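A quick write-up on the structure given underneath.
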Amino acid sequence: METYQIYSLTSAVLFVIGMGGVFVSRHFIKKIIATIIMGGGVFLVFVSLAERDALTFADPVPHALVITGIVVAVASAAFALALARRIYQLTGEESFTNDK
Amino acid sequence: MDGFFIIVIVFLLLNIALGLFRVWRGPTVADRLLTTQLFGTTGMAILLVLAGYLKDLTLLNVAITFNVLAILLVIGLVQVWKKKKGETP
Amino acid sequence: MSIMIDIILAVLAIYLALQCLFAPRLTQTVFLFFAFGLALALAWVRLGAVDVAITEAAIASGFLGVLFLDALRDFSLAPPLKWDNLEVVHSSLATKNPKSLFLPRLALMLGLGLFLLIALEAVWKIPEGGGLTAAAEALLPESGVEHPVTAVLLNFRAYDTWLELGVILLGLLATFAVGGIKIYRKPPVVADDILLRQVILFFTPVLFLFGAFLLYFGKSGPGGAFQAAVLWGAIGILLHLGGRPVFSMIPRWLGQLSLTVGLGFFLILGFFLLAGGATLFEYPPAYAGVLILIIETLAAISIAAALTAIFANLNQMNKEESNQIESTN
Amino acid sequence: MMIKEVITVILLVVGCFFFLAGTLGVLRFPDLFSRLHALTKADNLGLGFIAAGMALHIGSPWAVLKIFSIWFFTLLASSTSCYLIARFQKEKDQARNRKEEG
Numbered sequence: 648m649e650t651y652q653i654y655s656l657t658s659a660v661l662f663v664i665g666m667g668g669v670f671v672s673r674h675f676i677k678k679i680i681a682t683i684i685m686g687g688g689v690f691l692v693f694v695s696l697a698e699r700d701a702l703t704f705a706d707p708v709p710h711a712l713v714i715t716g717i718v719v720a721v722a723s724a725a726f727a728l729a730l731a732r733r734i735y736q737l738t739g740e741e742s743f744t745n746d747k
Numbered sequence: 312m313d314g315f316f317i318i319v320i321v322f323l324l325l326n327i328a329l330g331l332f333r334v335w336r337g338p339t340v341a342d343r344l345l346t347t348q349l350f351g352t353t354g355m356a357i358l359l360v361l362a363g364y365l366k367d368l369t370l371l372n373v374a375i376t377f378n379v380l381a382i383l384l385v386i387g388l389v390q391v392w393k394k395k396k397g398e399t400p
Numbered sequence: 004m005s006i007m008i009d010i011i012l013a014v015l016a017i018y019l020a021l022q023c024l025f026a027p028r029l030t031q032t033v034f035l036f037f038a039f040g041l042a043l044a045l046a047w048v049r050l051g052a053v054d055v056a057i058t059e060a061a062i063a064s065g066f067l068g069v070l071f072l073d074a075l076r077d078f079s080l081a082p083p084l085k086w087d088n089l090e091v092v093h094s095s096l097a098t099k100n101p102k103s104l105f106l107p108r109l110a111l112m113l114g115l116g117l118f119l120l121i122a123l124e125a126v127w128k129i130p131e132g133g134g135l136t137a138a139a140e141a142l143l144p145e146s147g148v149e150h151p152v153t154a155v156l157l158n159f160r161a162y163d164t165w166l167e168l169g170v171i172l173l174g175l176l177a178t179f180a181v182g183g184i185k186i187y188r189k190p191p192v193v194a195d196d197i198l199l200r201q202v203i204l205f206f207t208p209v210l211f212l213f214g215a216f217l218l219y220f221g222k223s224g225p226g227g228a229f230q231a232a233v234l235w236g237a238i239g240i241l242l243h244l245g246g247r248p249v250f251s252m253i254p255r256w257l258g259q260l261s262l263t264v265g266l267g268f269f270l271i272l273g274f275f276l277l278a279g280g281a282t283l284f285e286y287p288p289a290y291a292g293v294l295i296l297i298i299e300t301l302a303a304i305s306i307a308a309a310l311t312a313i314f315a316n317l318n319q320m321n322k323e324e325s326n327q328i329e330s331t332n
Numbered sequence: 522m523m524i525k526e527v528i529t530v531i532l533l534v535v536g537c538f539f540f541l542a543g544t545l546g547v548l549r550f551p552d553l554f555s556r557l558h559a560l561t562k563a564d565n566l567g568l569g570f571i572a573a574g575m576a577l578h579i580g581s582p583w584a585v586l587k588i589f590s591i592w593f594f595t596l597l598a599s600s601t602s603c604y605l606i607a608r609f610q611k612e613k614d615q616a617r618n619r620k621e622e623g
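Chains as they are written, first to last, in the numbering used here: chain B, 648 to 747; chain P, 312 to 400; chain D, 4 to 332; chain G, 522 to 623.
See the structure below:
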């Protein structure tokens with residue numbers, strides 16, 4: 648068992664955990680965190696593949712993609728948080744509810 | 312020597328896993344914050360040992376970043392939660 | 004033997020993710036999420052991605068951590084109004100028959116289990132022989148830098164980086180659109196503690212210097228615009244938390260300039276390169292190193308300013324605090 | 522060369538011991554202030570020992586300088602954060618007591 652294999656299997660598990668969290672959790676903050684965990688799973692696949700394809704150095708393209716991806720994920724998470732807080736301020740609700 | 316470094320790293324990782332119990336239980340927000348401090352300090356120790364093990368000095372930069380982040384979180388908590396007095400966390 | 008470290012880290016990350024999402028209290032979730040970010044940063048180090056580790060540790064744990072702490076305080080205060088509305092929601096939740104949830108839950112578990120199996124198989128069987136390592140290695144001497152990741156980010160795929168600056172700016176504008184533009188107002192919380200003020204004053208130049216070091220070091224090793232930007236953004240956040248909001252202290256045009264200078268310089272440079280007969284972002288190899296350093300510096304300033312502004316704006320979204328400002332003025 | 526390795530091993534083991542002590546303190550001590558004490562003192566001492574051991578092992582002057590600046594910043598950051606967290610908690614406790622009395 649190689650290092651990259653362990654992490655690529657972990658990444659699949661993390662993605663599924665995040666997906667389950669998006670479905671199951673009610674609170675906005677938990678949903679946002681669940682999407683970030685999903686994203687972490689995806690990044691882990693990229694970087695473990697970069698490690699597998701290493702020659703003299705690891706494949707730089709996935710690394711660059713992951714760095715930009717992390718920053719974009721953070722920007723979108725900040726936007727989601729702003730939306731969630733605004734909804735809470737205006738309606739007092741912490742989660743999506745069906746009965747409206 | 313390398314085997315010894317691995318043992319040290321594994322020991323420190325288990326140490327973190329033990330300390331995470333406090334995040335789970337810790338009655339106040341400050342208790343939970345303590346554990347991120349623990350993770351920060353122990354993570355820096357792990358990075359130092361890894362830097363010696365992999366012979367890669369750039370890992371020291373990551374260690375400095377861990378430090379920065381720990382102080383940022385503490386000041387963030389203290390300043391942001393300041394006005395919330397008398398409420399149970 | 005060294006596989007032990009990876010196994011423990013992987014188990015730790017999975018355990019933290021699970022605990023994080025299924026913890027009963029919101030504070031547990033948020034603090035376990037910080038720990039998850041740090042575990043992931045150690046995993047990047049083990050995979051040899053030191054650049055990613057720095058970015059992850061600083062941004063995904065530090066910056067997002069402060070944002071989440073801020074949001075957590077907002078959510079743990081009493082809801083502003085409409086208590087009757089909330090009671091309706093609660094009573095409808097209480098009267099919901101638990102039996103009616105059984106079938107959807109079973110379906111969800113089955114679906115997730117199947118998906119997990121498929122994902123594991125897919126990840127296990129990704130075909131060999133891909134990768135652009137050889138191509139990157141062949142072109143590295145022409146790129147103007149020695150570190151392959153920096154070369155990809157700022158030379159080979161500069162297009163991505165340029166658009167990413169645009170995405171961050173869009174995120175900032177979107178938070179403005181949601182929360183209202185308030186960052187030019189007076190600070191809500193002033194540091195009344197002398198030690199806090201001093202430590203912020205001490206860490207400001209240290210962070211600045213370390214960021215500049217990482218920026219310059221990005222030429223030959225892990226580091227570069229994003230890592231430096233995150234550290235400089237941390238300066239902005241620290242100053243804001245210490246009662247010195249950067250954006251209300253500098254003139255307005257300077258704030259706007261620092262937000263857009265990265266995107267703008269990229270655009271102008273691309274225009275001149277196109278006018279000179281090259282393709283977009285095809286730097287002449289002789290000047291590539293200098294150009295990349297200039298672009299990185301400007302991009303770092305822009306990203307740092309955007310992160311600071313996002314934090315400042317979200318921090319002042321709090322209703323109670325903004326009311327207090329209005330009453331004191 | 523043997524002596525250098527032996528000293529490194531001893532320093533690392535002592536460092537690990539302090540880390541374990543810090544974690545046990547965080548887990549077992551009764552209130553926040555004693556936990557703070559355990560964490561910020563013991564762990565930093567442990568980090569100092571590990572830093573010394575690794576500085577000896579790596580040996581290049583630039584790395585030694587960097588490792589010790591890391592340790593210095595950590596000492597500064599964590600003693601400050603200890604103070605800040607304790608003050609934060611104390612203010613909260615005081616506010617709660619005042620509310621109960623009044």
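Note that the Cβ used here is the ideal one computed from N, Cα and C, for glycine as well. Here the structure is a predicted model, which is why all the values come from computation and not from measurement.
| field | beta-carbon K677/B near the ligand NAP non-hydrogen atom, thresh 6 Å | value | In terms of ligand content, the structure shown is empty, and the ligand NAP therefore cannot be addressed.
| request: Keeping to the same chain, check which residues put their C-beta closer than 6 Å to that of T529/G; ignore five residues upstream and five downstream. | output: G574, L577, H578
| request: Taking a Cβ distance cut-off of 8 Å, strictly less, list which residues of the stretch 651 to 674 of chain B are near chain D, in chain order. | output: Y651, Q652, I653, Y654, S655, L656, T657, S658, A659, V660, L661, F662, V663, I664, G665, M666, G667, G668, F670, V671, S672, H674
| field | Contact list for V689/B against chain D, beta-carbon separation under 7 Å | value | Correct list: empty, because the minimum Cβ distance to chain D is about 11 Å.
| query | Can you list the residues of chain D that G370/P reaches, using a CB-CB cut of under 7 Å? | reply | Checking the displayed sequence, the identity of residue 370/P turns out to be Leu instead of Gly. Neighbours of L370/P on chain D, chain order: V48, V53.
| In angstroms, rounded to a whole number, what distance separates the CA positions of N372/P and I57/D? | 8 Å
| said: Quick check on DSSP: helix, strand or coil for S590/G? | reply: helix
| request: For A363/D, I'd like the list of residues in its chain whose CB is within less than 8 Å of its CB, leaving aside the five on either flank, ordered along the chain. | output: With chain D covering only 4 through 332, there is no way to say anything about residue 363/D.
| said: Using a Cβ-Cβ distance cut-off of 7 Å, determine whether K677/B contacts chain D. | reply: yes
| Given that a residue counts as buried once 16 or more other Cβ atoms are within 10 Å of its Cβ, and exposed if not, what is F275/D? | exposed
| task | For chain D, find out if any of its Cβ atoms is closer than 7 Å to the Cβ of T601/G; answer yes or no. | result | yes
| query | Should D9/D and T650/B be called a contact, given that it needs their Cβ atoms to be closer than 7 Å? | reply | yes
| message | Rounded to the nearest angstrom, what separates T369/P and L294/D at their Cα positions? | response | 24 Å
| Which same chain residues, not among the five before or five after M666/B, have their C-beta less than 7 Å away from its C-beta? | M685
| said: I'd like to know if the stretch 138 to 149 of chain D and the stretch 691 to 709 of chain B are in contact, where contact means that at least 3 CB-CB pairs between them fall below 8 Å. | reply: yes
| query | L384/P CB to nearest chain D CB: under 7 Å? | reply | yes
| message | If we define contact as Cβ-Cβ less than 7 Å, is V535/G a contact residue for chain P? | response | no
| field | Where H243/D sits in the DSSP three-state scheme | value | helix
| said: Run through the DSSP bridge pairs and tell me what H150/D is partnered with. | reply: None, per the DSSP bridge assignment.
| Outcome for W256/D when other beta-carbon atoms lying within 10 angstroms are tallied against a minimum of 16 | exposed
| task | Leaving out five residues on either side along the sequence, give the residues of the same chain with a beta carbon under 6 Å from the beta carbon of Y219/D. | result | none
| query | With distances taken between CB atoms, is the gap from A289/D to A232/D smaller than 7 Å? | reply | no
| task | May I have the straight-line CA-CA distance separating M312/P from L324/P, to the nearest angstrom? | result | 19 Å
| query | Quick one: what does DSSP say S223/D is sitting in, helix, strand or coil? | reply | coil
| In chain order, what residues of the same chain have a beta carbon less than 6 Å from the beta carbon of V209/D, not counting five sequence neighbours either side? | none
| Helix, strand or coil at S742/B [DSSP, three-state] | strand
| query | Once you ignore the five residues that flank L35/D on each side, which residues in its own chain have a CB closer than 7 Å to its CB? | reply | L19, Q22, C23, A26
| request: Can you check DSSP and say which residues form a bridge with H674/B? | output: S742/B
| request: Would you give the residue range spanned by the alpha helix (DSSP H) that S251/D belongs to? | output: 249 to 252
| Contact set for G354/P: own chain, Cβ-Cβ below 7 Å, skip 5 residues either direction | F377
| Under 7 Å Cβ-Cβ, which residues of chain P neighbour A572/G? | L359
| How is the alpha helix (DSSP H) around L533/G delimited, first residue to last? | 523 to 549
| Alpha-carbon to alpha-carbon, S305/D and S261/D | 5 Å
| query | Mind checking E131/D: buried by the 16 CB within 10 Å criterion, or exposed? | reply | exposed
| query | Under 7 Å Cβ-Cβ, which residues of chain D neighbour T715/B? | reply | D163, T164, E167
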